[in-house]
Structure formats: C-alpha cells, structure tokens
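Participant: Protein chains in written order, with this note's numbering: chain P, 241 to 353; chain W, 9 to 118.
1. Let's test the definition: count the other Cβ atoms within 10 Å of the Cβ of residue 310/P and tell me whether it reaches 16, buried, or not, exposed.
2. Where are the beta strand (DSSP E) runs, 3 residues long or more, that stay fully inside the region 273-307 of chain P, in chain order?
3. What first and last residue would you give for the beta strand (DSSP E) that runs through residue 330/P?
4. With 7 Å as the limit, tell me which residues of the region 90-112 of chain W have their beta carbon closer than that to any beta carbon of chain P; keep them in chain order.
5. Which residues in the same chain have their Cβ closer than 6 Å to the Cβ of residue 10/W, if we skip the five residues on either side of it in sequence?
6. What does residue 50/W reach in chain B if we use C-beta pairs closer than 9 Å?
7. Leaving out five residues on either side along the sequence, give the residues of the same chain with a beta carbon under 7 Å from the beta carbon of residue 89/W.
8. Identify which residue in 301/P, 312/P, 318/P has its Cα closest to the Cα of residue 245/P.
9. In this structure, how does DSSP classify residue 259/P when only helix, strand and coil are distinguished?
10. For residue 330/P, which residues in chain W fall below 9 Å Cβ to Cβ?
11. Against chain P, with Cβ distances strictly below 8 Å, would residue 57/W count as a contact?
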C-alpha cells in the first residue's frame with residue numbers, strides 16, 4: 241500500500257531535549273515536505289526536499305533541521321525544542337514537477353512542556 | 009500562488025449533493041486548482057485537481073468557470089464520512105508547495 245508513515249504519532253517532551261520525528265514514504269517520490277498545523281494558522285511549510293541531499297527552507301524553518309540522505313526518508317529534527325513548537329506536524333511526499341497529488345502522513349502531535 | 013477564498017462553513021443533508029465554492033480571481037494561466045480535505049486532525053487527503061476543463065473522479069467533480077476565476081467542488085451524494093474541512097488551493101504545475109488557507113468546514117447532517 242502506497243503510504244507516508246510518521247513516528248512517533250504522539251510525543252510529550254520538555255524544553256531543550258533534542259528529538260527527531262521520522263518520515264518515510266514507499267512511493268519513490270522525489271519531493272518531500274514537512275508542515276506544521278496550528279489553530280487559526282492552517283498548515284505552514286517548514287522545510288522541503290526536492291531530492292536526496294537537496295533541502296530548502298519553507299515558510300517557518302526556525303528551530304528545525306532536516307536531512308535527506310535516502311530518497312524514502314526525511315526526518316525532522318528539533319535540536320532544542322521550545323513550547324512554541326507544540327503543534328501537529330505532517331510529512332508529505334509527491335512526484336517532483338507536474339500537477340501531481342501530494343500524499344500526507346497521519347500526523348505527529350508534539351507537546352513541548 | 010494565487011489566493012483563494014472559501015466560505016468558512018457549510019452544511020448539507022446526507023445523500024444530497026454538496027457544492028463547495030471557491031474564488032480564485034487572481035489565478036494565472038499556469039496555475040491548477042486543487043482540492044484537499046482534512047477529516048478531524050488526520051493528514052490532508054487529495055480529492056481532485058483541474059486546469060481549465062471540468063474534472064470528475066470517483067470522489068468528486070470539479071467545475072471550473074470559463075474565466076477560471078472560480079470553481080465548485082461537488083460531492084454528488086454526501087455521507088457522514090464526508091464531514092471535514094475542504095481546502096481549495098491554486099498551485100503552479102511546476103510548484104510543489106501547497107499553501108493551505110482556512111478552508112470550508114462541511115458538516116453533513118443525518
């Protein structure tokens with residue numbers, strides 16, 4: 241089954257404790273992206289990657305890092321999480337270029353105390 | 009990407025057609041109209057997209073006006089499971105970022 245998976249689905253952590261949210265897709269998609277969703281603000285893009293070893297900032301990249309060492313994986317790293325990063329996070333992937341649909345993961349609900 | 013405008017909420021009766029409007033008056037010639045929906049806090053789900061012509065798939069139909077300044081998503085026989093927030097997005101064919109607005113919250117009544 242074609243899918244985007246994220247782990248963990250739920251996470252409660254404390255300020256300053258480094259964490260990684262993993263994202264994996266099995267569709268051989270070049271493009272992958274991370275979004276965060278906050279009430280009243282909709283989904284906003286954090287980082288994206290057009291292919292292996294190619295990443296770029298989205299609209300709200302501060303406080304986040306990403307890497308793309310393999311085509312299927314695109315982890316989101318919070319080196320020193322803060323309470324304002326409490327949010328619902330979604331990973332997405334699609335074929336690069338052209339009017340293709342974007343597939344979303346199930347989401348990771350992160351709470352930073 | 010062009011800005012889109014949608015009503016904040018709508019409702020319809022189960023079994024009836026749900027018609028969700030979207031205005032995109034500044035859309036450019038190479039921008040597609042996409043529709044996604046988000047059920048509760050799940051990941052957004054692709055529904056349909058189109059450029060100029062009307063489109064239909066197993067989920068919905070997309071009607072785009074001739075001047076391309078507005079469109080309507082039609083769910084022909086809404087069910088309770090169609091209750092969700094529906095997002096209309098304008099995006100260039102070569103662009104990959106999706107810019108989500110606040111969408112339309114559709115409530116399907118029994």
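Heads up, the beta-carbon is just placed ideally off N, CA and C, and yes, glycines get one too.
Facilitator: Per the coordinate set shown:
1. exposed
2. 282-291, 294-297
3. 327-334
4. 101, 102, 104, 105, 106, 108, 109, 110
5. 32, 34, 35, 39, 98
6. No chain B is part of this structure, whose protein chains are labelled P and W.
7. none
8. 312/P
9. strand
10. 51, 52
11. yes
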